[in-house]
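Below: one structure, written as structure tokens.
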Amino acid sequence: MWRDVYEHALDLFYQIFTSLEDQGTLNPDNQVHLYALHGSSFPKFREPSAPSEMLGTFMDLELKGINHLMNSGEDTESKAPWRILQRGNCRTNKPVQCQKEGKSVNTTAKEIEQVLGMYIHMGLVQMSSVRAYWEMETRLPAVCHVMSRDRFLKLLTVIHFQDNLSVSDDFLYIPPEESHAVDEIMVPFKGKSHLRVYMPAKPHKWGFKMWGRAGQSGFLYDFDICQGAENPDREKSEVGVTGEVVLKMTSTLPAGKNHKVFADNYFTSVPLVQHLKERGIHYVGTIRMNRMKHCTMMDEKELKKNGRGSMDFRVNQENNIVVRWYDNKAVNLISSFVGTEPVGNVKRWDRKSKTHITVPRPAIVETYNKFMGGVDLLDMLSALYKFSFRSRRWYMYIWWHTVTVAVINAWNLYRRDQKKLWLAGKAKIRCGRPLSSPEETPTPPRKRPSCSVPLDVRRDGIDHFPTWETRQRCNHFSHVYCEKCKVHLCLNKDRNCFCAYHKMK
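In the UniProt record's numbering, the protein residues as written are 1 to 505.
Have a look at this one:
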């Protein structure tokens, strides 16, 4: 479900980026689709001439060649990206989603669109609470002029993009880059949920753990939510539980195209490297010593005697190489396509001599450092303008994180296609502006507008009789009411506002 929502949102935001600069609303006739369903043709990845060739660049997207969904003969509103808005409209209006009220909230696709735009603006201007965007002292026009506070909070409590009674597994496809990193993603959450985990080494220690596969540019191609042991009774796999995660994340990669996958020692094992190699997918990653059976190498003390930059390596029968390199401490890496050669040099700070020294570095270490940071780059970009709201519904955190990632990915695609260098904040402004268009939804009038009494009526001294009425929301919540001026005024032993209000000055 989350993958389906994310990919529809990605196409929605990319269409906004490619629209005209001064256009205020979405134009369905100008949209460009970046994906197609299974069975469609896609631009193929250029097969490297050698397994060790490292391109390190994006594959050229033939955008004009994969917009055939626009010519499918369907109605405009049924096509993506409006499909996510129509889906949110239909699912949210279902009575089963409004269990407390037992009736539909009567929302529209336009309102769902505005909620997305308001969320993007809230991420740009972060406040202490959601209500602060509507308060007089801190109100944000891009939010408060679009929708009332109560309506926004109401939609947040019932919004759904998937029918709880039926779950689909359809997903869409974008041509991948050559190099991919598999790593963990944390969605911060401190509430109560059986999916919440604790990871002390992460900046956000409590939250939902997700597995993600991202390219070197930070583009997220695939992800999944960690739900613990799915089948405890199943026999243990030779690649391990974490190795199964890598296999699942790479299951959508085409086989035999020499893609490269990078991961840390939490996922890596020798059987995993061989399993991917049989599919035509190469692998580089750090590995723990207890996962390298029958592999004897120089220990860390011997490498330390030889100085920084010393290394040792072994190759198995399948031509997979294991390299141990010593810098400040020993690190173990395994690869199916790159080894120690060519050995480069890297500058390091020496504490003893207090100068920079040149340290030999094998090619496998350089390759790993270059292509391993895709998921970390995505986390950095998504955290720049993330709206830190609070909700009792745990799935809202995952949904908003999905929207944020879709905005970042659409910005990456547009920047590459249009050759324009935009900041992420500017991209989010352009993405949120047409969604939450305040021109189409003016600010509703106040329920009880204050009407001042004319001075000649107020101070004429005629027929101003106080009566005892129900207490109202005035400054002092008084029961005393002037029938002629129609205002509530205080009249007690400590304060006589009734007399002061009608007295001539």
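Glycine included, every Cβ here is placed at the ideal spot set by N, Cα and C. Please read all numbers here as calculations on a predicted model, not as lab measurements.
Annotated three-state conformation of Ile-185 is strand, per DSSP. With a beta-carbon spacing of about 13 Å, Phe-337 and Val-323 fall beyond the 8 Å limit used to define contacts. Per DSSP, reduced to three states, the secondary structure at Val-359 is strand.
Here Gly-243 carries a helix assignment [DSSP, helix/strand/coil]. The three-state reading of DSSP puts Ile-225 in strand, counting E and B together. Taken atom to atom, the span from the alpha-carbon of Gly-215 to that of Lys-260 is near 10 Å. Distance from the CA of Lys-484 to the CA of His-464, rounded to the nearest whole angstrom, comes to 6 Å. Taking a 10 Å sphere around the C-beta of Thr-404, we find 16 or more other C-beta atoms and assign the residue as buried. In the structure shown, Arg-324 falls within a strand segment according to DSSP collapsed to helix, strand and coil.
CA-to-CA, the gap between Tyr-198 and Arg-361 works out to about 35 Å. Distance from the Cα of His-204 is smallest, within the candidate group Glu-184, Tyr-221, His-194, for Glu-184.
Counting only runs of at least 4 residues, the segment 283-332 fully encloses the following alpha helix (DSSP H) elements, listed from N- to C-terminal order: 300-305. For Asn-369 and Thr-296, the gap between their C-alpha atoms comes out near 25 Å.
Contact check between the segment 319-333 and the segment 275-294: three or more CB pairs, one atom from each, fall below 8 Å, which counts as touching. Checking the DSSP bridge columns, you'll see Phe-208 partnered with Val-187, Arg-196.
For the pair Gly-218 and Leu-377, the CB atoms are nearer than the 8 Å cut-off. Cβ neighbours of Tyr-397 within its own chain (closer than 6 Å, five residues either side excluded): Val-187, Phe-189.
Cβ neighbours of Leu-140 within its own chain (closer than 6 Å, five residues either side excluded): Val-125, Tyr-133. With contacts defined by Cβ atoms closer than 8 Å, Gly-212 and Val-407 do not form a contacting pair. Per DSSP, reduced to three states, the secondary structure at Asn-345 is strand. Cβ-Cβ distances below 6 Å link Met-372 to Ala-181, Phe-262 in the same chain, with the five nearest sequence neighbours on each side left out; the list follows chain order. Bridge pairing for Val-261: His-180, Tyr-283 [DSSP]. When the Cα atoms are used, Ile-281 and Met-249 turn out to be separated by approximately 12 Å.
No Cβ-Cβ contact shorter than 8 Å links Phe-223 with Val-246. Here the C-alpha atom of Met-122 lies approximately 13 Å from the C-alpha atom of Met-147. Of the residues Lys-154, Pro-175, Val-143, Glu-137, the one whose Cα lies closest to the Cα of Thr-107 is Lys-154.
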